[in-house]
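Asks:
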Amino acid sequence: MTGSARNTEGFLGSSCDVPRSESSRNLNMEKFKDKVAVITGGASGIGYAIAKKCLKLGAKLVLSDGNPDLLQEASRSLAVEEGQWSAQICSVVVDVRKEEDMSK
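Its first residue numbered 1, the sequence shown is counted upward by one per residue in full-length UniProt numbering.
#1: From which residue to which residue does the beta strand (DSSP E) around Asp-65 run?
#2: When the Cα atoms are used, what is the spatial distance from Lys-53 to Met-102?
#3: Throw me the rounded Cβ distance for the Leu-63 and Gly-42 pair, which I believe falls under 8 angstroms.
#4: Using only the alpha-carbon positions, how far apart do Ser-58 and Gln-72 sit?
#5: If we ignore side chains and look at the alpha-carbon of each, how far apart do Thr-40 and Glu-30 end up?
#6: Specify, as a first and last residue, the run of the beta strand (DSSP E) that Val-92 falls within.
Written as structure tokens, this is what we have:
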């Protein structure tokens with residue numbers, strides 16, 4: 001290698017290509033059990049995907065978004081998809097870009 005070039009070989013492969021063992025999966029699930037994940041922008045896109053994964057790993061959710069209709073639908077969808085009781089998901093309408101919303 002020359003200059004500032006970095007060796008990134010295996011960087012992604014080390015975490016993405018190696019199948020996890022069953023014991024590793026169980027360990028990850030234990031890390032999320034009885035924890036609360038607070039997810040902003042959770043009604044769609046990356047936030048929704050993170051919320052879905054957190055539920056699968058056993059976390060309870062505080063799901064927030066600035067769009068009340070989309071947030072309600074996302075919460076309902078997550079509860080149905082993941083078979084979670086509504087007590088596992090708390091929905092809060094908030095736009096984190098607005099200071100007045102953050103003081104609620």
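We treat Cβ as the ideally placed atom computed from N, Cα and C, and that holds for glycine.
Replies: Let's see:
#1: Segment 60-65, the beta strand (DSSP E) holding Asp-65.
#2: So the two alpha carbons sit approximately 25 angstroms from each other.
#3: Right, the Cβ-Cβ distance comes to about 4 angstroms (below 8 angstroms), so this counts as a contact.
#4: In the sequence as displayed, the identity of residue 58 is Gly instead of Ser. Taking C-alpha positions only, Gly-58 is separated from Gln-72 by approximately 21 angstroms.
#5: Their backbone Cα atoms lie some 23 angstroms apart in a straight line.
#6: 89-93 is the extent of the beta strand (DSSP E) around Val-92.
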